[in-house]
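Contents: one structure, followed by commentary.
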Amino acid sequence: MIMKKTSQYINEGRGILACPVCGESLRSNAKTIKCYNGHSFDIARQGYINLLLSNRKKSSDPGDSKDMIAARRRFLSTELYSPIVEAICDLIEEYILGNDEVELRFVEVGCGEGYYIGKLEDFLSQKHSPSMLYGIDISKHAILAAAKRYKHITFAVDNASKPSLLDKSVDVFLSIFAPFYVENSLKKLKSRGFIIQVVPTKNHLKELKQIIYEEAIVGNKTANNLELPSKIHLHKKNLIRETITLNKNSTIQDLFLMTPHYWRTKRDLKVQLEELDRMTVTLEVEVRLYAKAT
Ligand SMILES: C[S@@+](CC[C@H](N)C(=O)[O-])C[C@H]1O[C@@H](n2cnc3c(N)ncnc32)[C@H](O)[C@@H]1O
């Protein structure tokens, strides 16, 4: 299967992006994307679209910083988190793929630098499953990195709390280590759509947390559950538990930098991590599949 470029879908009127001002569908020409009411948005040279209105930002540079995005890209390229990718693809294969004629629309909200949606593109290509893939993130640094690498995926800078998508247009939402806004996302989901959510458990990276927090918080925190409206139910939940070894100090530093822990850690504890050359950590996440009732 050959994936098409973003602009092709949008030109053909088959895109699912909606105008953040009025909610109408968006059509593009080469450099801008416009709705029926004339609201227009630039398509960046790298192919992504900025749909984040200034009144939907809480700061001038929201979301993950350039350094966090670069660290996440370096860390994920080690493939140490590939068990998460496998678990997501297994769920999609078992519960979602099926009818080859139907083109499925996948949207990852809080997609970061695009690792997971990029892996999903590879998987769907191997399965010859026709699909359109979208990634949304509030961080322009994330979306720039994602759009540069994954040319056949549509990326938009946008706030997932009110995603600029047409109502009932999405087959599958993915939310991986990212905030998810269930009520507004449900409006965008088709009547038989799915949500795949990956959340860390209390044991995830416990060895790292034991070093960086003076008071051990391991074991006190439960994984965040979606507040379930009656329209969806938890269909399947898989626990992924692996022990992974970080063989280089730079990999330890990247993992640390890409998590929120970095910003809460005192300088002397950061120094401890700077001296480690090898570390074994627990990867423990829940991969959940929610299904929308019709
Ligand atoms: C922990 S990172 C996970 C990124 C990616 N899913 C991954 O696992 O590699 C969380 C991401 O959510 C984004 N984010 C935070 N709040 C957001 C919001 N309201 N809307 C869209 N993205 C948001 C951040 O910019 C960041 O890229």
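Going by numbering that gives the first Met the number 0, the first residue of the sequence shown is number 0, and it counts up by one from there.
Ideal Cβ positions, reconstructed from N, Cα and C, are used throughout, including at glycine.
{"Item": "If you measure between the beta carbons of V84 and Y115, is that distance less than 8 Å?", "Value": "yes"}
{"Item": "Which stretch, first to last residue, makes up the beta strand (DSSP E) that contains S39?", "Value": "39-41"}
{"Item": "Is it the case that the CB of P178 approaches a heavy atom of ligand 1 more closely than 7 Å?", "Value": "yes"}
{"Item": "For N183, which option in T200, V108, K205 has the closest C-alpha, if you only look at C-alpha atoms?", "Value": "V108"}
{"Item": "Which residues share a DSSP beta bridge with G134?", "Value": "E107, F154"}
{"Item": "Taking the DSSP output, what are the residues bridged to V197?", "Value": "I175, V286"}
{"Item": "For C21, which of helix, strand or coil comes out of DSSP?", "Value": "coil"}
{"Item": "Spell out the partners DSSP gives K291 in its beta bridges.", "Value": "I231"}
{"Item": "Comparing the CB of C110 with every heavy atom of ligand 1, is any distance shorter than 7 Å?", "Value": "yes"}
{"Item": "Taking Cβ to Cβ, would you say R148 is nearer than 8 Å to L233?", "Value": "no"}
{"Item": "Which same chain residues, not among the five before or five after L123, have their C-beta less than 6 Å away from its C-beta?", "Value": "S130"}
{"Item": "Taking only heavy atoms of ligand 1 into account, decide whether any of them is closer than 7 Å to the Cβ of Y114.", "Value": "yes"}
{"Item": "May I have the straight-line CA-CA distance separating A292 from S59, to the nearest angstrom?", "Value": "38 Å"}
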